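Asker: My questions all concern the structure below.
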Amino acid sequence: MTYRSWLECIRGCGERHSIFDVVYRCERCGGLLDVEHDTTALKDRSPSAWMQLFERRTRTTEWPYGSGVWGKKEWVSPEIDNDNVVSMYEGHTNCFWAERLGREIGLEDLWVKLCGNSHTGSFKDLGMTVLVSVVRQMIANGKPIRAVACASTGDTSAALAAYAAAAGIPSVVLLPKGKVSTAQLIQPIANGALVLALDTDFDGCMRIVQQITEDKSIYLANSMNALRMEGQKTVAFEIVQQFDWQVPDWIVIPVGNLGNVSALGKGFLLMKELGLISKLPRIACAQAAHANPLYLSYQQGFQELVPVTAKKTLASAIQIGDPVSYERAVKTLAAFNGVVEQATEDELANAAARADRTGMYADPHTGVALAVLLKLVDRGEISRADRVVVISTAHGLKFTAFKVGYHEGTLDDVASRHKNPPVELPADYDAVQHAIDDAIR
Ligand SMILES: *Cc1c(COP(=O)(O)O)cnc(C)c1O
Ligand SMILES: [Zn+2]
Numbered sequence: 082m083t084y085r086s087w088l089e090c091i092r093g094c095g096e097r098h099s100i101f102d103v104v105y106r107c108e109r110c111g112g113l114l115d116v117e118h119d120t121t122a123l124k125d126r127s128p129s130a131w132m133q134l135f136e137r138r139t140r141t142t143e144w145p146y147g148s149g150v151w152g153k154k155e156w157v158s159p160e161i162d163n164d165n166v167v168s169m170y171e172g173h174t175n176c177f178w179a180e181r182l183g184r185e186i187g188l189e190d191l192w193v194k195l196c197g198n199s200h201t202g203s204f205k206d207l208g209m210t211v212l213v214s215v216v217r218q219m220i221a222n223g224k225p226i227r228a229v230a231c232a233s234t235g236d237t238s239a240a241l242a243a244y245a246a247a248a249g250i251p252s253v254v255l256l257p258k259g260k261v262s263t264a265q266l267i268q269p270i271a272n273g274a275l276v277l278a279l280d281t282d283f284d285g286c287m288r289i290v291q292q293i294t295e296d297k298s299i300y301l302a303n304s305m306n307a308l309r310m311e312g313q314k315t316v317a318f319e320i321v322q323q324f325d326w327q328v329p330d331w332i333v334i335p336v337g338n339l340g341n342v343s344a345l346g347k348g349f350l351l352m353k354e355l356g357l358i359s360k361l362p363r364i365a366c367a368q369a370a371h372a373n374p375l376y377l378s379y380q381q382g383f384q385e386l387v388p389v390t391a392k393k394t395l396a397s398a399i400q401i402g403d404p405v406s407y408e409r410a411v412k413t414l415a416a417f418n419g420v421v422e423q424a425t426e427d428e429l430a431n432a433a434a435r436a437d438r439t440g441m442y443a444d445p446h447t448g449v450a451l452a453v454l455l456k457l458v459d460r461g462e463i464s465r466a467d468r469v470v471v472i473s474t475a476h477g478l479k480f481t482a483f484k485v486g487y488h489e490g491t492l493d494d495v496a497s498r499h500k501n502p503p504v505e506l507p508a509d510y511d512a513v514q515h516a517i518d519d520a521i522r
């Protein structure tokens, strides 16, 4: 059986393109495109046959199927030659039982999916392996592509630069000057990208990169590009696989440009269509109050998106006021009985710190998700026995200045309730002993 996928307009006007065409929007109606799969062909294997295949490939070294993304290749990008896959064995991130944090907040079955335990430290690797592989195949087929380019709040450019470097393809990244963490800025620099720091915000960078990529020899790698979502949707497959093919009750996910939540939904819907699961989880989208256009639209019943100027937030990767995948996300939230909630700077920073006290090392975006989780539990929307999975989108080590600022008590708009600064002492036995006795009874 040959499996096939193609790009199709999400507004249902019927326009289709090959995944190897350089096109990011419907040329007929201007809608976004999504990758669609020939699900009739995919039904040639039974649900249990797919499960067995996926289990067998998990973490093997058989190229490229040991990757969490490429282990599901038939469901992700079946037309790619294995020789053109650009992978660093992303995915298969740990999903762990956050027992102590759960108990503290009144949940028996709280889990955290650590998508930041990945090659460049965020879930963006999942999408970039697919996009860069498609570009490599286009180049192999003679398409005149000079470079890949993106606008980024930090993690997208880190992933793009790494995968492009692995493939030997030049990359160009547009970053808002002074608005990404040092770790995020240095990653594309280290991987040899052309790094352009612009005096604007993310939305400003996004506008310019769209103009730049009207030149079809520079391929756009932002998440309006549907290929990214094909890789990112594998997080849904992984979660279900990690629970022995059971579906959790809730997924809480921090959102900005709204690509990742759309991808998450896409993954669940495909599993349902192919019969691997029979129900869907509910989805809670978590936004920073400083960048909350989805939250505001949710409160109006999703009548329209009113773009906002995103204010500075510690959750810098979601400081986005005009989310590209709004239409996709609204469809997802309708299918998953979704809710949207927001978190202030104080709430996100303290939620991250509280989680850290139970052994995590939460980045500020995961802090947004955890703060929203607390609210949903407090108001009874999520109940005690529900199985809840929080998507942790990046590694805390990418956000050292956030951690330092929190524990020094110097973050704007944040009262550090769980701060734990070092105790400075002379090199003296008595002083040390007293300090220990004071702190630990
Ligand atoms: C990109 C990113 C998000 C948001 O994902 P969207 O697809 O833009 O909604 C959240 N957290 C982190 C750490 C990210 O890098
Ligand atoms: Zn269309």
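So for the sequence shown, the working numbering puts the first residue at 82; every next one is plus one.
Where a beta carbon is used, it is the ideal one built from N, C-alpha and C, also for glycine.
Quick caveat: nothing in here was measured; it's all calculated off a predicted structure.
Should the stretch 196–214 be regarded as contacting the stretch 139–157, the criterion being three or more beta carbon pairs within less than 8 Å?
Answerer: Judged by Cβ distances under 8 Å, the stretch 196–214 makes contact with the stretch 139–157, as three or more pairs qualify.
Asker: Could you have a look at W192 and say whether DSSP puts it in helix, strand or coil?
Answerer: On the sequence shown, position 111 is the one that residue 192 refers to. Here W192 sits in strand by DSSP.
Asker: Taking 9 Å as the cut-off, decide whether the C-beta atoms of E319 and A367 are in contact.
Answerer: For the purposes of this step, residue 319 is taken as the residue at position 238 of the sequence shown. For the purposes of this step, residue 367 is taken as the residue at position 286 of the sequence shown. Not in contact: E319 and A367 (Cβ atoms no closer than 9 Å).
Asker: Put M472 into one of helix, strand or coil per three-state DSSP.
Answerer: Working through the sequence shown from its first residue, we reach residue 472 at position 391. In the sequence as presented, Met is not what sits at residue 472; that position holds Ile. DSSP places I472 in strand when its eight states are reduced to three.
Asker: Relative to the alpha-carbon of V316, which residue among G337, K153, S238 and P269 has its alpha-carbon at the smallest distance?
Answerer: Along the sequence shown, one-based indexing puts residue 316 at 235. Nearest of G337, K153, S238 and P269 to V316, Cα basis: K153.
Asker: Using the Cα positions of L361 and M352, report the straight-line distance between them to the nearest angstrom.
Answerer: The residue you call residue 361 lines up with position 280 of the sequence shown. The residue you call residue 352 lines up with position 271 of the sequence shown. The alpha-carbon atoms of L361 and M352 are separated by roughly 10 Å.
Asker: Decide if N418 is buried, meaning its Cβ has at least 16 other Cβ atoms within 10 Å, or exposed.
Answerer: What you label residue 418 is simply residue 337 of the sequence shown in a count that begins at 1. By the neighbour-count rule (16 or more Cβ atoms within 10 Å), N418 is not buried but exposed.
Asker: Bridge partners of C90, per DSSP?
Answerer: Counted from its first residue, the sequence shown places residue 90 at position 9. DSSP, once it has assigned bridges, lists L114 as partnering C90.
Asker: Of all residues in the structure, which have a C-beta closer than 5 Å to any heavy atom of ligand 2, taken in chain order?
Answerer: Residues flagged by the Cβ proximity filter: C90, R92, C94, E96, C107, R109, C110 and G112.
Asker: Once DSSP output is grouped into helix, strand and coil, what is the label at F177?
Answerer: Residue mapping note: residue 177 aligns to position 96 of the sequence shown, counting from 1. Of the three classes helix, strand and coil, the one that applies to F177 here is strand, per DSSP.
Asker: Does I463 come out as helix, strand or coil in the three-state DSSP assignment?
Answerer: Counting from 1 along the sequence shown, the entry for residue 463 is found at position 382. It is coil, neither helix nor strand.
Asker: Extract the residue ranges of the beta strand (DSSP E) inside the stretch 338–386, only unbroken runs of 3 or more that lie entirely within it.
Answerer: DSSP runs (the beta strand (DSSP E)) wholly in the stretch 338–386: 363–369.
Asker: Drop a sphere of 10 angstroms on the beta-carbon of Y510, count the other beta-carbons inside from all chains shown, and report buried for 16 or more, exposed for fewer.
Answerer: For the purposes of this step, residue 510 is identified with residue 429 of the sequence shown, where counting begins at 1. Exposed, since its Cβ has fewer than 16 Cβ neighbours within 10 Å.
Asker: Kindly indicate which three-state DSSP category C231 falls into: helix, strand or coil?
Answerer: Here the question's residue 231 lines up with position 150 in the sequence shown. Of the three classes helix, strand and coil, the one that applies to C231 here is strand, per DSSP.
Asker: According to the Cβ coordinates, are W192 and R435 closer than 9 Å?
Answerer: For the purposes of this step, residue 192 is taken as the residue at position 111 of the sequence shown. For the purposes of this step, residue 435 is taken as the residue at position 354 of the sequence shown. Taking 9 Å as the Cβ cut-off, W192 and R435 do not qualify as a contacting pair.
Asker: Pair every Cβ in the stretch 457–467 with every Cβ in the stretch 478–491, then say whether three or more of these pairs are closer than 8 Å.
Answerer: No: fewer than three Cβ pairs fall under 8 Å.
Asker: Could you give the residue range of the alpha helix (DSSP H) that holds W156?
Answerer: Taking the first residue of the sequence shown as position 1, residue 156 is located at position 75. Element bounds for W156: K154 to V157.
Asker: In chain order, which alpha helix (DSSP H) runs of at least 4 residues are fully inside the stretch 254–340?
Answerer: Runs found: 263–271, 283–293, 307–313 and 315–323.
Asker: Do you know how far the Cα of A245 is from the Cα of G147?
Answerer: Indexing the sequence shown from 1 puts residue 147 at position 66. Indexing the sequence shown from 1 puts residue 245 at position 164. Each residue's Cα considered, the two are about 20 Å apart.
Asker: Using 10 angstroms around the beta-carbon of V449, count the other beta-carbons present and answer buried if the total reaches 16, otherwise exposed.
Answerer: Position 368 of the sequence shown, counted from the start, is the residue given in the question as residue 449. Buried: at least 16 other Cβ atoms inside 10 Å.
Asker: Mark T294 as exposed unless 16 or more other C-beta atoms lie within 10 angstroms of its C-beta, in which case mark it buried.
Answerer: Position 213 of the sequence shown holds residue 294. Buried, since its Cβ has 16 or more Cβ neighbours within 10 Å.
Asker: F204 and N341 look like a contact to me (Cβ under 8 Å); what is the Cβ gap, rounded to whole Å?
Answerer: As a first step, residue 204 is located in the sequence shown; it is residue number 123 there, counting from the start. As a first step, residue 341 is located in the sequence shown; it is residue number 260 there, counting from the start. Contact holds; Cβ gap of about 7 Å.
Asker: Could you tell me the alpha carbon to alpha carbon distance between F324 and A430, rounded to whole angstroms?
Answerer: Taking the sequence shown and counting its residues from 1, one reaches residue 324 at position 243. Taking the sequence shown and counting its residues from 1, one reaches residue 430 at position 349. If I take the Cα positions, the gap works out to 30 Å.
Asker: Would DSSP call G103 helix, strand or coil?
Answerer: Locating residue 103 in the sequence shown gives position 22, where the first residue counts as 1. The sequence given here places Val at residue 103; Gly does not occur at that position. In the structure shown, V103 sits in coil (DSSP, three-state: anything other than H, G, I, E or B).
Asker: For I517, count the other beta carbons within 10 Å of its own beta carbon; 16 or more makes it buried, fewer makes it exposed. Which is it?
Answerer: Taking the sequence shown and counting its residues from 1, the one referred to as residue 517 is at position 436. Label assigned to I517: exposed.
Asker: Identify whether S148 lies in helix, strand or coil by the three-state DSSP scheme.
Answerer: Against the sequence shown, residue 148 aligns to sequence position 67. Coil.
Asker: By Cβ distance, which residues of its chain are closer than 7 Å to V523, with the 5 residues on each side in sequence left out?
Answerer: Outside the modelled stretch of the chain, which goes from 82 to 522, sits residue 523, for which no answer is possible.
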